[in-house]
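Engineer: In the working numbering, the protein residues as written are 1320 to 1609.
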């Protein structure tokens, strides 16, 4: 006996499709404004990263690596970017980097406040947990279907889908970091008459910063992992090149674009990890006794 003969079919997909059509038609003006803003910001970032000569930008990125980590990371970054330039993928890499940076900033702007709220309110934490589980386990291709309908094909559905997929670790790590702050340190702040806002700014956030920065690292890595998926809806960049290589069965193009993604991933991972290691924890301990 088949399962369908026991229970009637639940038209969940049809209901979601109907709801998507209603949302698209009802909030068409809002979505158009969001699309225009995202495209404007993305074009600006892309112009900053892709407009100057390639070696100028590569040297600037290497300088960032030098300041946050040291000469080894700076030299390694230059070598990696040199490979990207040599395989003629620099422009595509900068397109992808602009997408990753924009999506990561938006994801963190949403994730960190939600994580703080969840850490300070158990009911919010309990409500967010299943939502975050759904966001993290839902196949990424599923996000693209309604996004492509709402925002049409282009960079915007790729950015929005990346934000939804990448913001989960930002929320979880922020909540975890704040909950792990020693209660005695927080109580010391209360004993000295500090307000909740001051305790959050000067004690909890600085002490939780290493954990939060680990979440930032994961947000950026997940955003970068969505580059190829975003290429399926016309986001371009390295993801578009990988999709083209797959469509044409072009091994050479696939290897070159994939290697460029690896270079970007290693650079962003090492830089954000180095920033996490420089979190000013000692300031929070001093603030607790100030």
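Virtual Cβ for every residue (Gly too), placed ideally from N, Cα, C.
Between 1353, 1507 and 1378, which has its C-alpha nearest residue 1394's C-alpha?
Structural biologist: Of the listed residues, the one whose Cα sits closest to residue 1394 is 1378.
Engineer: If you draw a straight line from the alpha carbon of residue 1592 to that of residue 1585, how long is it in whole angstroms?
Structural biologist: The straight-line gap from Cα to Cα measures roughly 10 Å.
Engineer: Report the start-end ranges of each alpha helix (DSSP H) in the stretch 1537 to 1601 that is 4 residues or longer and not cut off at the edges.
Structural biologist: With a minimum length of 4 residues, the continuous alpha helix (DSSP H) runs that stay inside the stretch 1537 to 1601 are 1546 to 1550, 1556 to 1567 and 1570 to 1596.
Engineer: Go ahead and pull the three-state DSSP assignment for residue 1325.
Structural biologist: Residue 1325 falls in the coil class under three-state DSSP.
Engineer: For residue 1471, name the three-state secondary structure that DSSP assigns.
Structural biologist: Looking at residue 1471 - three-state DSSP - the assignment turns out to be coil, as it is neither helix nor strand.
Engineer: So, are the CB atoms of residue 1481 and residue 1430 less than 8 Å apart?
Structural biologist: It is not a contact, given that the beta carbons lie outside the stated cut-off.
Engineer: What residue range is occupied by the uninterrupted alpha helix (DSSP H) comprising residue 1354?
Structural biologist: Element bounds for residue 1354: 1347 to 1369.
Engineer: Counting along the chain, where does the alpha helix (DSSP H) carrying residue 1441 start and finish?
Structural biologist: Segment 1441 to 1456, the alpha helix (DSSP H) holding residue 1441.
Engineer: Give the DSSP-derived three-state secondary structure of residue 1501 in the structure shown.
Structural biologist: Coil.
Engineer: Using the beta-carbon count (16 or more within 10 Å), is residue 1608 buried or exposed?
Structural biologist: Because residue 1608 sits at a pLDDT of 44, beneath the cut-off of 50, its placement in the model cannot be relied upon, and the point is left open.
Engineer: Quick one: residues in its chain with C-beta nearer than 6 Å to the C-beta of residue 1587, no 5 flanking neighbours on either side, listed in chain order?
Structural biologist: Excluding positions up to five away in sequence, the list reads 1539.
Engineer: Using C-beta distances below 7 Å, list every residue in its chain close to residue 1425, excluding the 5 sequence neighbours before and after it, in chain order.
Structural biologist: Correct list, in chain order: 1482.
Engineer: Go through its chain and collect everything with a Cβ distance to residue 1559's Cβ below 6 Å, but skip five positions before and after it.
Structural biologist: Closer than 6 Å at the Cβ level, and outside the excluded window around residue 1559, lie 1550.
Engineer: Just checking, does the stretch 1460 to 1467 make contact with the stretch 1402 to 1418 on the three C-beta pairs under 8 Å criterion?
Structural biologist: Taking 8 Å as the limit for Cβ pairs, the verdict is that the stretch 1402 to 1418 does not touch the stretch 1460 to 1467.
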